[in-house]
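Heads up, the thing below is written out as structure tokens.
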Amino acid sequence: MHAAKDYTGAEIMRTLRDEVFNLGIPVVDFTAAIELILDENGNASGAVLMNMETKELLIARAKTVIIATGGAGRMHYQGFPTSNHYGATADGLVLGYRAGASLLYAETLQYHPTGAAYPQQIFGALVTEKVRSLGAKLINADGTVFMHPLETRDVAAAAIIRECSDRGKGIDTANGKAVWLDTPMIEMIGGEGTIEKRIPAMMRMFKGYGIDIRKEPILVYPTLHYQNGGLDINVNCETPNVRNLFCAGEAVGGIHGKNRLMGNSLLDIIVFGRCAGKSAAERSRSVTNQTLTLAHILAYDKEREAAGIQTEITSPKLLPNYTNQKHI
Ligand SMILES: Cc1cc2nc3c(=O)[nH]c(=O)nc-3n(C[C@H](O)[C@H](O)[C@H](O)COP(=O)(O)OP(=O)(O)OC[C@H]3O[C@@H](n4cnc5c(N)ncnc54)[C@H](O)[C@@H]3O)c2cc1C
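Following our numbering, the numbering of the sequence shown begins with -8 at its first residue and continues without gaps.
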């Protein structure tokens, strides 16, 4: 497991962005894939893209396609907040499924035990597990430690929810109940300066709202964090049902089974991203483009109608709509 303080993602993106820029790889920004395109043999052959500002539609023709659209936290399943970025709306799962790819464990989502519960502006934002690993304890309204401090995510999230519901030991916030995470304990154990040195991003995030986590505990509640399920793939990261369609990252189903321990997603996106890239590049050498078709969408619509499913919902969702709570 690799980490760069609590800025690991930023470091990965900085390096990756430099590499993409230096190699002159074209990037089409603010443009989302809204449908996969197949050829007449049912093989993936590209995607319909939409410019999110102008709504202009574009066709990307491809010999192989890799889905790497990330997670689904912004679907706010069961009304939970999320640590995820705004694009995390399960687009890849919708696109792959409509093209005929199978989903694996799609119902399994991970709740990170410690999402910020206060202040409201950062409701659901991640409070990294490094905070607990450095010695901060979870504490209920009575000031009592209610679980082993280094339990796994699923156990810790369940314990917090239980404390706030069945056991009635939560603390009231504008967003519902929460428990304390005793951050000053970190400096008591590790010495003065530990927080600034080891978790500077956390310190900065709360400082922006006038909270000094070195001196005050913070309020936390579980937040939707990771999509365990997703598209089924084989050892080459290809979807077994749709040839030339590859997938990597959080959009893949079950790389960690139905649950996941902390810290290993960044490892899997690199390992499986490399595998998907190599496999797709290798395959593309032998693919000749055929006629493009969206016939699978018509077939999908017919199947949906036959099942009696009527809906006005447009999918993939691309971005959550926070202007009308009904649609979240
Ligand atoms: C706050 C936070 C901290 C984390 N910290 C850690 C950690 O320390 N260690 C660890 O191992 N894991 C961590 N994780 C989990 C890990 O970061 C993610 O699982 C991982 O980044 C997922 O990578 P990805 O490339 O699959 O997806 P993402 O990084 O989510 O990238 C998906 C990309 O696809 C784009 N996209 C989505 N839909 C479309 C579409 N329709 N068309 C075009 N583009 C689209 C998105 O905009 C995004 O740019 C953390 C997650 C969060 C939210």
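Ideal Cβ positions, reconstructed from N, Cα and C, are used throughout, including at glycine.
Please report the straight-line C-alpha distance between residue i and residue j, rounded to a whole angstrom.
| i | j | result |
| --- | --- | --- |
| L129 | A290 | 51 Å |
| H318 | G220 | Bear in mind that a pLDDT of 45 at H318, under 50, signals an unreliable position, so the model cannot answer this. |
| R89 | G199 | 43 Å |
| A97 | P307 | 15 Å |
| E178 | G184 | 7 Å |
| A107 | I113 | 6 Å |
| A147 | M138 | 7 Å |
| A(-6) | G254 | 9 Å |
| F71 | T214 | 6 Å |
| V226 | S270 | 10 Å |
| A150 | L172 | 13 Å |
| P208 | A242 | 35 Å |
| P17 | I152 | 45 Å |
With residue i as the anchor, note down where its alpha helix (DSSP H) starts and where it stops.
| i | result |
| --- | --- |
| K269 | S256 to S275 |
| P110 | Premise fails: P110 is in no alpha helix (DSSP H) and is neither H nor E. |
| V56 | No alpha helix (DSSP H) holds V56; the beta strand (DSSP E) holding it covers V56 to I58. |
| L86 | D82 to A90 |
Could you say which of the options lies nearest to residue i if we only look at CA atoms?
| i | options | result |
| --- | --- | --- |
| A127 | E26, C238, A298 and G182 | G182 |
| A272 | L283, L236, M253 and L310 | L236 |
| D(-3) | C266, L125, G61 and A92 | L125 |
| G78 | V136, F12, I209 and F21 | F21 |
Taking the beta strand (DSSP E) that residue i falls in, what are its first and last residues?
| i | result |
| --- | --- |
| A107 | L100 to A107 |
| P191 | Segment P191 to K198 is the alpha helix (DSSP H) holding P191; no beta strand (DSSP E) there. |
| D157 | Note, D157: premise wrong, no beta strand (DSSP E); not H, not E. |
| H216 | I209 to Q218 |
| G167 | G167 to L172 |
Residues bridged to residue i by DSSP?
| i | result |
| --- | --- |
| T22 | N42 |
| R11 | What sits at residue 11 in the sequence shown is Val, not Arg. Per DSSP, none; premise fails for V11. |
Quick check: does the Cβ of residue i come within less than 7 Å of any heavy atom belonging to ligand 1?
| i | result |
| --- | --- |
| E98 | no |
| S306 | no |
| A242 | yes |
| A148 | no |
| L257 | yes |
| L309 | yes |
| D20 | no |
| L117 | yes |
| A79 | yes |
| G134 | no |
| T143 | no |
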